[in-house]
Amino acid sequence: MSPPAPVPARAGIGLRAPHHRDVLERRPDVGWFEAHSENYFADGGSAVATLLRVREHWPVALHGVGLALGSADPIDREHLRRLERLIARVEPWAVSEHVCWGFAGGRHTNDLLPMPRTQESLRHLAARVREWQDALGRQVLLENVSSYLEFREAEFTEAGYLAALVAESGCALLLDVNNVYVNARNHGFDPETYLDELPAHAIREIHLAGHEVTQIAGCEMRIDTHDRLICDEVWQLYAGARRRFGAVPTLIEWDAALPALDVLVEEARRADAIA
Amino acid sequence: MPLRELQQRFIASLYDESTEIEGEICADGGIGAADRIAIYRNNLRAGFGKALALEFPVIAALCGADFFAILAREFQRAHPSASGDLHHIGGPFPPYLRQRFGTGEYAYFADVAELEWAREEAARAADAVALDVRTIGTTGVDAIPALKFRLAPSVRLVASRWPVLTIWEAHQGPGEVREVDLGAGPEQVLVRRSPAGLVLERITVADLAFLATLESGGTLGAAFDTALVADPAFGVAAMLRRCVVRGLFAAAQR
């Protein structure tokens, strides 16, 4: 299985429809772009055409949010086919998905639901990842998700589950540093210990984003909103990740309350400045 | 608990059908299992409602935020997302509105929704090379009535008893929504892609009959006949010219 094509070890930004025109006209100085695969599943039209034009100037990663590999029910074959076709057209430097599940009994949540961290779910997810990698003929990256609950039955720590997934499936990891921090606060663990527990060789990409702090039943809960600047604590944890994992291509994610393109470019510059 | 069962119970809990999953969830740190599940339930509703409003912005505006949220929730119960690609949720919405509002005061919502969904479909349809007009020129006169034209995959036709396009247009651009006389009569709309973006065009009943016949696989002769029923003065040459100029035809075959 061939590894992903090289990409500059610089920060990239998420490609979002409201920025399409700006990106093509102004050609911002960023290392690469990441696109949400499902936003380009259309048979034709302007979105896909724009993505292909972006691809002429920058490396592109395809980041899926809808496959929900950890779901026990069969994966949607049509979804896989559309993804394969998009991968063939875009030739992304990375193809990623999430360590999550999302549907049961024909009802999709279109959300990234946390896995129960059991041996059973690990075997299931690892088999799915292997099958998908075999079908694509390439290694994929799996990303840790933020969560607001954990299942009682847990045979692994979260980082231990990711390490076991890498060992069992041969996948790489997309480390979302913001999600590590959010979960550390929501579930009470030390985020630095979490980073220590990860298999350093497997980390090929890092995500950074902003999150919201809210109160539920009088207690603090961090919600992964991707709608604001990255907070100082996450920048600090990112510096710790860079010390451990080196100059991994990093992505600034921003999905809601999208600001001007310059704000994202500035965040990317800040990530590049951290060595 | 086996993975499949745990996931089924979790989904049932999100849809308020069961609370059996709560015992499987850690409730440490002062926040109980029900409150934790509620975060995911709210995400499920809000995510669906937001995606639906993006696909049907005029319906969302006609309803107002509060009523649209209720309507989206009802619709989600009847038609939960059936795909990992959230774009698909809108397909059953126009027929749902038709059944939901029947022939009452809001009966026109279904037609406005149909127009909005036609735009979504047109925007995402496959690209196609437009028919080269010269291929018609090489056809013998006797064979012309038997010609069939394949409409471009992005072409959509919408017909309504209400002035649907006028309603849609009233909600475009900045500023106040203009008053629309719902009794202003029927409108037929052609939705198509142009290099500059989506175009919504008012067409006559005869134009609609002509295009709908071709869309369903009828010959040029049959399309002309149905158009003549609607308008005895229908000019087929002018219509063909308009179709070719707008790139409505993808390919021709005898």
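In order, the protein sequence lines correspond to chains A and B. Following the working numbering, the numbering of the first sequence begins with 1289 at its first residue and continues without gaps. Following the working numbering, the numbering of the second sequence begins with 2 at its first residue and continues without gaps. The beta-carbon is built from N, C-alpha and C at its ideal position, and this holds for glycine as well.
- Interface annotation for the stretch 1500–1521 of chain A against chain B: 1504, 1505, 1506, 1507, 1509 and 1511, criterion Cβ-Cβ distance under 8 angstroms.
- A Cβ-Cβ contact shorter than 8 angstroms links residue 1418 of chain A with residue 1457 of chain A.
- At least one CB atom of chain B sits nearer than 8 angstroms to the CB of residue 1359 of chain A.
- Within the stretch 1326–1383 of chain A, the complete alpha helix (DSSP H) runs of at least 4 residues fall at 1334–1345 and 1365–1378.
- Following the DSSP letters along the chain, one finds residue 240 of chain B inside the alpha helix (DSSP H) bounded by residues 237–246.
- Counting along the chain, no alpha helix (DSSP H) covers residue 1463 of chain A; the unbroken beta strand (DSSP E) around it starts and ends at 1460–1464.
- When DSSP states are grouped into helix, strand and coil, residue 59 of chain B belongs to the helix group.
- Judged by DSSP in its simplified three-state form, residue 136 of chain B adopts helix.
- Between residue 1312 of chain A and residue 1323 of chain A, the CB-CB gap reaches or exceeds 8 angstroms.
- Closest by C-alpha distance to residue 1407 of chain A, out of A:1499, A:1531, A:1563 and A:1448, is A:1448.
- Distance from the Cα of residue 1481 of chain A is smallest, within the candidate group A:1446, A:1409 and A:1318, for A:1446.
- Using a Cβ distance threshold of 8 angstroms, residue 212 of chain B and residue 160 of chain B do not count as a contacting pair.
- Looking from the CA of residue 1379 of chain A, the closest CA among A:1495, A:1319, A:1509 and A:1325 belongs to A:1325.
- Within chain A, 1394, 1395 and 1396 have C-beta atoms less than 8 angstroms from the C-beta of residue 83 of chain B, given in sequence order.
- Neighbours of residue 25 of chain B in chain A, taken as residues whose beta carbon is under 9 angstroms from its own, are 1404, 1439, 1440 and 1441 in chain order.
- The secondary-structure analysis by DSSP pairs residue 1507 of chain A across a beta bridge with A:1504.
- Between the alpha carbons of residue 46 of chain B and residue 14 of chain B lies a distance of about 13 angstroms.
- Think of a sphere of 7 angstroms around the beta carbon of residue 45 of chain B: the chain A residues whose beta carbon falls inside it are 1397 and 1399, in chain order.
- Contact with chain A is found for residue 30 of chain B, since one of that chain's Cβ atoms lies less than 8 angstroms from the residue's Cβ.
- Residue pairing for residue 1389 of chain A: DSSP places it in a beta bridge opposite A:1401.
- Excluding sequence positions up to five before and after residue 154 of chain B, its CB lies within less than 6 angstroms of the CB of 126, 127 and 129, all in the same chain and listed in chain order.
- Below the 7 angstroms Cβ cutoff, chain A contributes 1398 and 1399 as neighbours of residue 48 of chain B, in chain order.
- Taking C-beta atoms as the reference points, residue 132 of chain B and residue 39 of chain B fail to come closer than 8 angstroms.
- With respect to residue 1486 of chain A, residue 1451 of chain A sits close: the two C-beta atoms are nearer than 8 angstroms.
- With respect to residue 1414 of chain A, residue 1389 of chain A sits apart: the two C-beta atoms are not nearer than 8 angstroms.
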